[in-house]
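Take 578 as the starting number for the sequence shown in this note's numbering and just add one per residue. All residues carry an ideal CB built from backbone N, CA and C; glycine is no exception. Nothing here was measured: the structure is a model prediction, and the numbers come from that model.
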Amino acid sequence: MKVAVGCDHAGLAMKNALKDILESWGHEVADLGCYCEDSVDYPDYAAEVSRRVASGEYETGILICGTGLGMAISANKIKGVRAVVAHDTFSARMSRAHNNANVLALGARVIGPGLAEEIVKVWLSTPFEGGRHQRRVDKITLLEG
Ligand code: RB5
């Protein structure tokens, strides 16, 4: 898959680790920053990743900050993006199967690297179920105005 990743300073180490893991799994990864521990503003990176997912350039996006929350809030401002924070594998799976989430936000101050890897594995490998869920996702899209 073509995956765009982004982070702020709080998510830098986890983003770098996940980037290496994603590449080892054979995914094409675009690392859209940040690239050092200097303090930055998470909406800038959420926007960068989310715009590329919304445009179809990348199939999916992964954003990491301290909690995942600011990244998800920001990403969901971009039309066409359905971003979720998922800190357990069940939520990660359901966000794909039922909500067709296309951006995953993680909090590096909330979960450790092992769980983050498991969540990403489940998230990337779970297809959208469609059917009745498509109708509901379509209604989410209508809410974008
Ligand atoms: C940065 O200190 C922190 O606020 C940010 O990483 C994130 O947790 C925001 O939602």
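Q: When you get a sec, list the residues whose CB is within less than 5 Å of any heavy atom of the ligand RB5, chain order please.
A: Residues with a Cβ closer than 5 Å to any heavy atom of the ligand RB5, in chain order: ASP585, ALA587, CYS642, GLY643, THR644, LEU646 and GLY647.
Q. What do you reckon, are the CB atoms on VAL687 and THR637 nearer than 9 Å?
A. Here VAL687 is not near THR637, since their CB atoms are 9 Å or more apart.
Q: Give every residue of the same chain whose Cβ lies closer than 6 Å to the Cβ of ILE641, excluding the five residues on either side of it in the sequence, and list them in chain order.
A: For ILE641, where only same-chain residues beyond five positions count, the Cβ hits under 6 Å are CYS584, GLY588, MET591, LYS592, LEU683 and ALA685.
Q) Among PRO704, TYR619, ALA581 and TYR635, which has the Cα closest to the Cα of ILE650? A) Considering only alpha carbons, the answer is TYR619.
Q) Candidates ALA581, ASP608 and HIS710: which alpha carbon is nearest ARG673's? A) Ranked by how close their Cα comes to the Cα of ARG673, the residues ALA581, ASP608 and HIS710 have HIS710 in first place.
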